[in-house]
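For reference, the structure is listed below as structure tokens.
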Amino acid sequence: EAEKRDHRKLATELDLLSFPTELGGGLAVWHPKGAIVRKLMEDYSRQRHQDGDYQFVFTPHLANAKLFETSGHLEWYKDGMYPPMEMDNGVYYPKPMNCPMHCLIFRSRQRSYRELPLRLFELGNVYRYERAGTLHGLLRIRGFTQDDSHIYCTEDQLQDEIGSLLDFVISVLRAFGFDDFQFFLSTKDPEKYVGSDEIWEKATTALRVALERHGLEYGVKEGDAAFYGPKIDINVKDAIGRSWQLSTIQCDFNLPDRFELEYVAPDGSRQRPIMLHRALFGSVERFFGVLVEHYAGAFPTWMAPVQARVLPVAS
Numbered sequence: 039e040a041e042k043r044d045h046r047k048l049a050t051e052l053d054l055l056s057f058p059t060e061l062g063g064g065l066a067v068w069h070p071k072g073a074i075v076r077k078l079m080e081d082y083s084r085q086r087h088q089d090g091d092y093q094f095v096f097t098p099h100l101a102n103a104k105l106f107e108t109s110g111h112l113e114w115y116k117d118g119m120y121p122p123m124e125m126d127n128g129v130y131y132p133k134p135m136n137c138p139m140h141c142l143i144f145r146s147r148q149r150s151y152r153e154l155p156l157r158l159f160e161l162g163n164v165y166r167y168e169r170a171g172t173l174h175g176l177l178r179i180r181g182f183t184q185d186d187s188h189i190y191c192t193e194d195q196l197q198d199e200i201g202s203l204l205d206f207v208i209s210v211l212r213a214f215g216f217d218d219f220q221f222f223l224s225t226k227d228p229e230k231y232v233g234s235d236e237i238w239e240k241a242t243t244a245l246r247v248a249l250e251r252h253g254l255e256y257g258v259k260e261g262d263a264a265f266y267g268p269k270i271d272i273n274v275k276d277a278i279g280r281s282w283q284l285s286t287i288q289c290d291f292n293l294p295d296r297f298e299l300e301y302v303a304p305d306g307s308r309q310r311p312i313m314l315h316r317a318l319f320g321s322v323e324r325f326f327g328v329l330v331e332h333y334a335g336a337f338p339t340w341m342a343p344v345q346a347r348v349l350p351v352a353s
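In the working numbering, the protein residues as written are 39 to 353.
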């Protein structure tokens, strides 16, 4: 059954997309029918974010190496990045993440506590150097689009924001036909992290409390967190019972420190915001691949690439 649902096979049969060898490994081109489904997915996501008081942003595909030195990605994530490009007397990298650039948007002017929580959203293209042996259709590729949100909030707002993110993620996943979820709390890798143990404990506790307040059962993945903060992973089960890791919610006290982000508190003092990272689809491409396999190519009517067809009838 799983073989029949393979999204690579169905994508070819349904004329949704292809992986031309001329492009290289892990890179897809979207055909008109696949692009229709993708647009419907993205349009729904945009509308839900607009309704949820998110502000839309756009950021470039490249950045100077100094940005990724500040964020810590060059120290902790360089193996997952493409090789550098030298130009204009500088060194540039294709971005593997959107979060450093969203921090620059926050830092672009003085912020007040009245603006928080500030919810930024971007369908941003990122590039990660996945080893050739790990590539697998749309499920693991080298260039993809994240439905990426970063929320900047106060410590008093943190618990409510994590709770509303859980509600938001579950609601959107249900709209796409998933209703069987698994939750995991990923904790610090003692060999690969930035920031103090105290900050990590505070962030991990915030995520744990949110899960427990929602009455959600969860497993713990020891040492599986990103280098900058612990996270909640949300898996879904598809029509034949396979588990797919899709959404993440990460609590980050570290990047606001590294980028020296500040807001003016009610008493006039300058305070550090807390940052939440959230990818709901995980990536648009991966989510599309999972949907193809979940529905075996027979998408719900609202997502169908062909909504109606006129059939001639001979007299």
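Cβ coordinates follow ideal geometry from the N, Cα and C atoms, glycine included.
Reduced DSSP secondary structure (H/G/I, E/B, other) of residue i
| i | result |
| --- | --- |
| residue 149 | coil |
| residue 257 | strand |
| residue 308 | strand |
| residue 212 | helix |
| residue 322 | helix |
| residue 269 | strand |
| residue 2 | No statement about residue 2 is possible, as the shown extent of the chain runs from 39 to 353 and does not include it. |
| residue 287 | strand |
| residue 79 | helix |
| residue 168 | coil |
| residue 229 | coil |
| residue 43 | coil |
CB contact flag (residue i, residue j, <7 Å)
| i | j | result |
| --- | --- | --- |
| residue 316 | residue 203 | yes |
| residue 158 | residue 111 | no |
| residue 221 | residue 254 | yes |
| residue 145 | residue 297 | yes |
| residue 201 | residue 241 | no |
| residue 417 | residue 43 | Lying before the first or after the last residue shown, residue 417 is absent from the chain, which here runs from 39 to 353. |
| residue 72 | residue 48 | no |
| residue 270 | residue 191 | no |
| residue 100 | residue 132 | yes |
| residue 173 | residue 341 | no |
| residue 63 | residue 213 | no |
| residue 83 | residue 235 | no |
| residue 260 | residue 225 | yes |
| residue 102 | residue 120 | no |
| residue 139 | residue 97 | yes |
| residue 45 | residue 330 | yes |
C-alpha gap between residue i and residue j, whole angstroms
| i | j | result |
| --- | --- | --- |
| residue 277 | residue 332 | 5 Å |
| residue 219 | residue 183 | 23 Å |
| residue 180 | residue 282 | 19 Å |
| residue 257 | residue 264 | 17 Å |
| residue 284 | residue 351 | 45 Å |
| residue 273 | residue 115 | 24 Å |
| residue 290 | residue 135 | 14 Å |
| residue 320 | residue 211 | 11 Å |
| residue 294 | residue 229 | 22 Å |
| residue 177 | residue 41 | 15 Å |
| residue 105 | residue 51 | 43 Å |
| residue 262 | residue 123 | 31 Å |
| residue 61 | residue 164 | 17 Å |
Residues near residue i in its chain [Cβ-Cβ closer than 8 Å; skip 5 each side]
| i | result |
| --- | --- |
| residue 93 | 156, 157, 158, 159 |
| residue 150 | 301, 302 |
Neighbourhood of residue i by C-beta, 6 Å cutoff - its chain only, sequence neighbours within 5 removed
| i | result |
| --- | --- |
| residue 231 | 265 |
Sequence-distant residues of the same chain with beta carbon closer than 7 Å to residue i, five excluded per side
| i | result |
| --- | --- |
| residue 148 | 302 |
| residue 239 | none |
(request) Go through the region 175-224 residue by residue and report every complete run of the beta strand (DSSP E) that reaches 3 residues or more, in order. (result) 181-191, 219-224
(message) My parser needs the alpha helix (DSSP H) runs of 4 or more residues fully inside the region 83-158; what are they?
(response) 103-109, 111-114, 137-145
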